[in-house]
Amino acid sequence: MVSIADTARHALPGRFERPSALAFLLYALGIALIVWAIDGSGWSIEELGKGIPSLADFLSRCWPPSFERIDSLSKALIETFQMAVSGTLTGIILALPLSILAARGLTGSRIFGSISRGLFALFRTVPDLVWALIFVIAVGLGPFAGTLAIAVDTAGFAGRFFAEAMEDVDKGPADSLRAQGVRRSDAIFCSIIPAAMPSFITTSLFALEKSVRSSVILGLVGAGGIGLELKVATDMFDYQTAATIILLIFALVLVVEQAGSFARKRVIEG
Amino acid sequence: MVSIADTARHALPGRFERPSALAFLLYALGIALIVWAIDGSGWSIEELGKGIPSLADFLSRCWPPSFERIDSLSKALIETFQMAVSGTLTGIILALPLSILAARGLTGSRIFGSISRGLFALFRTVPDLVWALIFVIAVGLGPFAGTLAIAVDTAGFAGRFFAEAMEDVDKGPADSLRAQGVRRSDAIFCSIIPAAMPSFITTSLFALEKSVRSSVILGLVGAGGIGLELKVATDMFDYQTAATIILLIFALVLVVEQAGSFARKRVIEG
Amino acid sequence: DNFKLAVTDVEGLERLQTEWGPFKAELEKATGHTFEFFPVNNRTAAAEALRAKRVDFVVTGPAEYVVINKVTQAKALIGLSRPDYFCGIVVMANSPYTKPADLKGQKFGMDDIGSTSGHLCPSQLLTDFGVNPLKDLSGITHTSRAVAHEALKRGDVAAIGVNYTSWLKNRGKDTSVAQGSFRVIARSGDLPNDVLLYGAHVDQAKAEAIRKVVIDNKAKIAESIISVGGENEKFKGMDLVAIEDKNYDPVRKMFAAIGHPQYSEFVGE
Amino acid sequence: MSLAFALDESTAPALNAPVQAAVEIRVRALAAGYRTRGPVFSDIGFDIARGERVALVGSNGAGKSTLLKTLMGFVAPLDGSVEIFGEEINAMTPSKLRGFRSKIGFVAQKHNLVSRLSVLSNVIHGTLGARSGPSRWVQALAPQQVRARALAALDQVGLVDLALRRADCLSGGQSQRVAIARALVNEPRLILADEPVASLDPAAGEDVMQVFEEVTRAAGATLVFTTHNLDHATRYAGRVLGLCSGGMKIDSAVDKLPEGGLRGLYS
Amino acid sequence: MSLAFALDESTAPALNAPVQAAVEIRVRALAAGYRTRGPVFSDIGFDIARGERVALVGSNGAGKSTLLKTLMGFVAPLDGSVEIFGEEINAMTPSKLRGFRSKIGFVAQKHNLVSRLSVLSNVIHGTLGARSGPSRWVQALAPQQVRARALAALDQVGLVDLALRRADCLSGGQSQRVAIARALVNEPRLILADEPVASLDPAAGEDVMQVFEEVTRAAGATLVFTTHNLDHATRYAGRVLGLCSGGMKIDSAVDKLPEGGLRGLYS
Ligand SMILES: Nc1ncnc2c1ncn2[C@@H]1O[C@H](COP(=O)(O)OP(=O)(O)OP(=O)(O)O)[C@@H](O)[C@H]1O
Ligand SMILES: Nc1ncnc2c1ncn2[C@@H]1O[C@H](COP(=O)(O)OP(=O)(O)OP(=O)(O)O)[C@@H](O)[C@H]1O
Ligand SMILES: [Mg+2]
Ligand SMILES: [Mg+2]
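Protein chains in written order, with our numbering: chain W, 1 to 270; chain L, 1001 to 1270; chain P, 2001 to 2269; chain F, 3001 to 3267; chain G, 4001 to 4267.
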């Protein structure tokens, strides 16, 4: 009888590997961090319940969306989208080569890798407000400054995600090419990038969408945009117009997502 | 002689597949979109060059960073980080189950998929300010409202990236399990999620970092935070303090990235 | 009682948001109530919190008071007076503009929409000088002060509307140009005080009582703000005064100048 | 035939004496293929009885893997029908199909292990069809008995020593053996194995084929395997199916195979 | 020996008459393994002369793939040395190593095709070692001559018809053959093939082994292949290396193999 016996002939291996002292310390630290964080943020489910009536009141004031200014709002949305497209595209073109350097283990240059990762981190850390200032000083108020601000923002975001997507890819095909003397750069373009392509599309289209959503920065550089309209609407308690704007942006976001899912499908399924 | 002949015995296949009419239209549309976008954003390299001297002057005014208020600034950073951790964690916990529904082709439920994707898009589209309003009304001013606002923001972002990471994973192992009657849900947890884990880590830690950086939302709900300090500093032309704050955040971002790269390495290499 | 007090991004009170300890202690000692402070840098959030009874008192600016009063029926309690609270219109000294009328057809930089001294006041000022800010200019850029300042220096905007005192201070910090390279071509009268207001849900008698004690102990309370030292020295000269809603009618008028007449109806009219 | 009987048959497979008679897989006029590319094969029909060992042979690209995937319902037929355990699989509700599949053990040509988990966890996943839940997602959480069973399955393929090794640190043959252990661990009623010994060394290949043989003999399980090793096909199978140019060109008991007949499939 | 001579030898390999004499691979006291786990094999030494065909055999997990990876410099040796074309590879600069590798054709056990590109593009990648650049990243951009050559390589493995098929829409054997075409397309001086016929049907396996044989015979290339097919090992190789329990237990010309000797490797 060869049915699998319920008792093993061999000693069962241990369930857990004994973690190293360092690993144990790190786990403990991680848990402590979480407890500390939750402790500090004043959780209270009770409060949540009490607020429902006022919330209903607030939402009722947002309804129905006002379509009075739909013309000028659509125009603002389209202008914003225009700047978002060119800014995001610039950012992506900036991020691609740097992200290849930034991806660990791809080019073998540790120094350039650290520099590009640092650069991406810097791009993200310096806030919108300061980028606005820098580009207004550099190129003056207007859409160009807005485009550049969006580009830098996009580069910081996309660069990081591009790099890590390339790190996550199965290295087998690239190694097989390199075994035949193919340069790292060729192997990256021939095998790493095709494999990371769906992730690139996700990241790029998210960046585009993000640029539209966070277009308040365009207002800061005097380039108008839908973000400014939304800010004015909420600042002036014009919630019905705000609701319209949010719906407009929501529609755009859905369209961009649809485009992304179409492109991803083509890449994944061929 | 069997050396590969330079001329083939077989007719060479065409270089390009003839694109379908629809695909052709879409490509043309895409290119038109890009031209239109760049056209509208007022590119001018000339301007960029002219601005360099004033830019240098501006940067000189940011230097050296002022460490006068380093105590209170560090405190603000730590408080911000605390709220960011708990908010991001909540957001991720919210996003995970929904993202499983949202990932195309994972659960087979198209309706729930569309609903969760729509929900994520909504989470992202409704701006910070409006989430702040909603949570202030719901739970009052303070860190709890801030945590919730961060959580929603994180959920919208992380949910989308989680879902698409799971879509990108090689479906082979999951299919092999399902061939043996394993439930979709088990197959997801046993094979899709382990494969998508590096991407989950990237997304989660980026979300954490983003929550710290975009902590202006905490200022909206009366929870203070480093974002508010930075805004005040630039409004007051106190560029040296602003530089300090940016450096502090930059350091935190680098630490978070390091933690991420450590965790990813463990997952990828075992 | 335990009251919740929000402080919106009031000009000049930034430090109060982080260093309000002594002030709070003094206030609590004087009134016998406890206060919880929340720095809220957005008036919409503060207003909605008031409406949802999530906050009881708000310290805010004049324009903010007007809209919050309209949206939530909150009432003014105490004015926090500030010396030299007025706005001006600044151009470059080497520009041809010497009076507001010269700015017709030019670009103008201002603070966020709805800011008292950075938007409402300069708009009113232009109107007073016969320039309709909505029609006669070729555009208003609402941006941060730092950006507006740099844009003025570049010539991207012909003039900027500023809170006069803070502009003076900020001008001092800009070492890239001589202080004399700017010209102020108009100044407004003093603006009404910043306000401590109370929500419609707060017991009126208690509010009145608080007003009385605070006014009675104003020297001590003001001192507590200044005593923190350092940056807070600039509050020297502040006063706490009892105020009336009608003091803000001039501000209501300004909302018409910026094209939001829904806030310019005077209460009782 | 009463429902009660059918149930009886599926719950106590090894006890019914004349198991050889029951038809486990019935294929009729089957055609299948991938999207726009037209059928890989068409008009295929055969019955496989319980306890049979069937080798499926054919040249590269003949459609062996596709046929196995069609039998499991992963590739929808363009035409024809597939019945497993007496029911048409393409008409089943998803949950019913799952129930049917949980009696199948499957070895994929590409092994398809979960590379970031341990070998033992991968084998334990094979038991999820019978009983789902987080306790079987990783070996550390699994009940003692399940772990012991998985270890016994690993022992059948000679890999006990590597139980805690990560699945992406295996040699090609080791990973194939893990896939086999995963298919065996749940004592399946039907084993579908796609080139299960392609990466195995000669001795391991014999061992695995012998395990398959014993499982079918002792537990009455049915085995369908593809192979390019004609020696294995004739020694370990009772019957050979030969796919060629889109059709089933050979369907014959091993001892009735035409002289040099299998060679003819590869031209 | 002068540098000039060495250069001459490497630039005009097919012309030097007594090519059989030159040592293409020289391994001395080699030990290699993965990270913490200790060596997979140690103290291995052998010479392979130009034009030889060597079969590397051994049980699953014996270290065949690891040895091949060590020969190419992908796994750093724990001890000992590997010389290829007369130079120690672990002492080379990266660019020099690349130059050496560009004369190698490699077939990985897992095929390692780029799944989202066409078969033809995958084969064209094989020419990148000789000449890099975007024109060889995808077939649509490649010079006519390169495409023709890639197609000829595909023809050698019998896959011309699938040139424009995406590499993830292939059967197991088809994808292995693409990997072989990719290794052959650049007319390598040394072919390292890791179980190149494991997924091939018997006829295709013979064809591929014959192609290998002809390439070594006509172009003077050297072939090292691993296999579990002992028949192939003895028919297509002139010499057999047998790995077992961490050492090289067999190193013998095929006609001098001990009786039943290869069987002894698998116990
Ligand atoms: N995912 C796919 N999409 C499109 N065509 C495919 C796909 N998989 C396989 N094919 C094609 O279908 C045919 C049958 O493939 P299948 O994998 O069934 O062959 P096989 O008999 O298993 O071959 P092998 O012995 O090489 O594994 C082949 O011509 C192959 O190119
Ligand atoms: N990436 C890795 N990390 C750690 N150990 C590995 C790794 N790859 C292989 N091993 C181990 O090294 C040993 C040798 O593996 P190798 O792949 O060289 O075997 P092989 O002779 O090619 O076997 P097969 O015939 O199964 O392909 C095995 O015990 C295997 O478990
Ligand atoms: Mg197959
Ligand atoms: Mg191997």
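Note that the Cβ used here is the ideal one computed from N, Cα and C, for glycine as well.
These numbers come from a predicted model, not from an experiment.
Here's a check: name, in chain order, each residue in its chain whose Cβ is nearer than 7 Å to the Cβ of residue i, leaving out the five neighbours to either side.
{"i": "G/V4123", "result": "A4150, A4153, L4154, V4178, A4181, R4182 and V4185"}
{"i": "F/D3201", "result": "G3173"}
{"i": "W/S66", "result": "Q240, T241 and T244"}
Answer yes or no: do residue i and residue j have a C-beta to C-beta separation smaller than 8 Å?
{"i": "P/F2086", "j": "P/S2166", "result": "no"}
{"i": "L/G1105", "j": "L/E1046", "result": "no"}
{"i": "L/D1273", "j": "P/R2252", "result": "Nothing about residue 1273 of chain L can be reported from this structure: the residues present for chain L run from 1001 to 1270 only."}
{"i": "F/T3216", "j": "F/L3068", "result": "no"}
{"i": "W/F123", "j": "W/V152", "result": "yes"}
{"i": "L/S1215", "j": "L/T1080", "result": "yes"}
{"i": "L/G1227", "j": "L/G1142", "result": "no"}
{"i": "W/G87", "j": "W/G140", "result": "no"}
{"i": "G/I4104", "j": "G/L4192", "result": "yes"}
{"i": "G/K4110", "j": "W/G172", "result": "yes"}
{"i": "P/A2049", "j": "L/V1136", "result": "yes"}
{"i": "P/S2081", "j": "P/V2241", "result": "yes"}
{"i": "P/L2197", "j": "P/K2075", "result": "yes"}
Assuming the contact rule is C-beta atoms closer than 8 Å, residue i and residue j should be a hit. Round their C-beta distance to whole Å, please.
{"i": "G/G4220", "j": "G/G4051", "result": "5 Å"}
{"i": "P/P2062", "j": "P/D2194", "result": "7 Å"}
{"i": "G/S4175", "j": "G/L4113", "result": "6 Å"}
{"i": "G/S4118", "j": "G/R4166", "result": "6 Å"}
{"i": "L/I1100", "j": "L/T1107", "result": "6 Å"}
Considering residue i, what are the terminal residues of the beta strand (DSSP E) in which it resides?
{"i": "P/Y2198", "result": "D2194 to Y2198"}
{"i": "G/T4036", "result": "Looking at the DSSP string, G/T4036 is not in any beta strand (DSSP E), and its letter there is neither H nor E."}
{"i": "P/C2087", "result": "C2087 to M2092"}
{"i": "F/L3192", "result": "L3190 to D3194"}
{"i": "P/P2039", "result": "T2034 to V2040"}
{"i": "P/T2008", "result": "N2002 to T2008"}
{"i": "F/N3186", "result": "Looking at the DSSP string, F/N3186 is not in any beta strand (DSSP E), and its letter there is neither H nor E."}
{"i": "L/F1016", "result": "From DSSP, L/F1016 is part of no beta strand (DSSP E); its letter is neither H nor E."}
Tell me residue i's beta-bridge partners as DSSP assigns them.
{"i": "F/L3243", "result": "F/G3058 and F/M3248"}
{"i": "P/D2239", "result": "P/S2081"}
{"i": "P/D2142", "result": "Before going on, a small fix: residue 2142 of chain P reads as His here, not Asp. P/M2110."}
Could you give the first and the last residue of the continuous alpha helix (DSSP H) run that contains residue i?
{"i": "F/S3102", "result": "Premise fails: F/S3102 is in no alpha helix (DSSP H) and is neither H nor E."}
{"i": "G/G4080", "result": "Segment D4079 to I4084 is the beta strand (DSSP E) holding G/G4080; no alpha helix (DSSP H) there."}
{"i": "L/A1259", "result": "Y1239 to E1269"}
{"i": "P/R2183", "result": "That residue, P/R2183, is in no alpha helix (DSSP H); its beta strand (DSSP E) goes F2182 to R2187."}
{"i": "L/L1029", "result": "A1021 to G1040"}
{"i": "L/I1308", "result": "In the structure as shown, chain L begins at 1001 and stops at 1270. Residue 1308 of chain L is therefore absent and cannot be evaluated."}
Which residues in the same chain have their Cβ closer than 8 Å to the Cβ of residue i, if we skip the five residues on either side of it in sequence?
{"i": "L/E1164", "result": "A1103"}
{"i": "W/T7", "result": "Confidence is the limiting factor: at W/T7 the pLDDT is only 47, short of 50, which leaves the residue's position unreliable, though a coordinate-based value still follows. Correct list: empty, nothing qualifies."}
{"i": "W/I193", "result": "M166 and F200"}
Once you ignore the five residues that flank residue i on each side, which residues in its own chain have a CB closer than 6 Å to its CB?
{"i": "L/I1004", "result": "Reliability of the predicted coordinates at L/I1004 is poor, the pLDDT of 47 falling under 50, and the value obtained from them is presented with this limitation in mind. Nothing listed; no residue qualifies."}
{"i": "L/M1197", "result": "V1267"}
{"i": "F/V3138", "result": "S3121"}
{"i": "W/F262", "result": "none"}
{"i": "P/D2239", "result": "S2081"}
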